[in-house]
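Numbering (the working numbering), first residue to last: 1 to 116.
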Ligand code: 5GP
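So this is what it looks like as structure tokens:
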């Protein structure tokens, strides 16, 4: 069940600010408030969904394709493709998800350490 009062829903409704780096009809990308790398961007679809699986199961193809095309556009705009980057999505309790609106972490700008 999607919680309309989660923090990213509030950011999408512009009730709280974010440091936006890209936005279009389907997606919003902004800087993480507590960066874990020199570059730490969060990418979210505007479609209300809790996890990647929720997004892939319930959004239509236009939403899904547009979101992932935007991920690549942001990667290209950040000029991180050559040096590399890490994409993470945390899902549910075992995945350590804190904000229950599906988001991709884009980490880059330095060597990203091992996960554990
Ligand atoms: P999760 O653990 O759910 O995958 O990651 C949630 C992320 O959202 C964390 O990296 C956290 O720093 C970030 N975050 C939480 N609240 C805010 C906020 O109000 N603004 C921004 N820009 N990032 C947030």
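Note that CB positions come from ideal geometry on N, CA and C, so glycine has one too.
Looking only at its own chain, which residues have a Cβ that is under 7 Å from the Cβ of residue 90, when we skip the five neighbours before and after it?
96 and 97
Cβ neighbours of residue 45 in the same chain (closer than 7 Å, five flanking residues each side left out)
26, 27, 55, 59, 63, 67 and 102
Using the Cβ count rule (16 or more neighbours within 10 Å means buried), how would you classify residue 129?
The chain is shown only over 1 to 116; residue 129 falls outside these bounds and no answer can be derived.
Report all residues from its chain with a CB closer than 6 Å to the CB of residue 107; omit the five preceding and five following residues, and keep chain order.
37, 40 and 86
Just the C-alpha distance for residue 30 and residue 42, rounded to the nearest angstrom, thanks.
5 Å
Select from 83, 12 and 88 the residue whose C-alpha is nearest the C-alpha of residue 48.
12
What separation, rounded to the nearest whole angstrom, lies between the Cα atoms of residue 4 and residue 50?
10 Å
Here's the rule I'm using: 16 or more other beta-carbon atoms within 10 Å means buried, otherwise exposed. How should residue 53 be labelled?
exposed
Locate the alpha helix (DSSP H) running through residue 64, then write down its first and last residues.
61-78
Beta-carbon contacts of residue 74 that lie in its chain and below 6 Å, excluding the five residues immediately before and after
22 and 29
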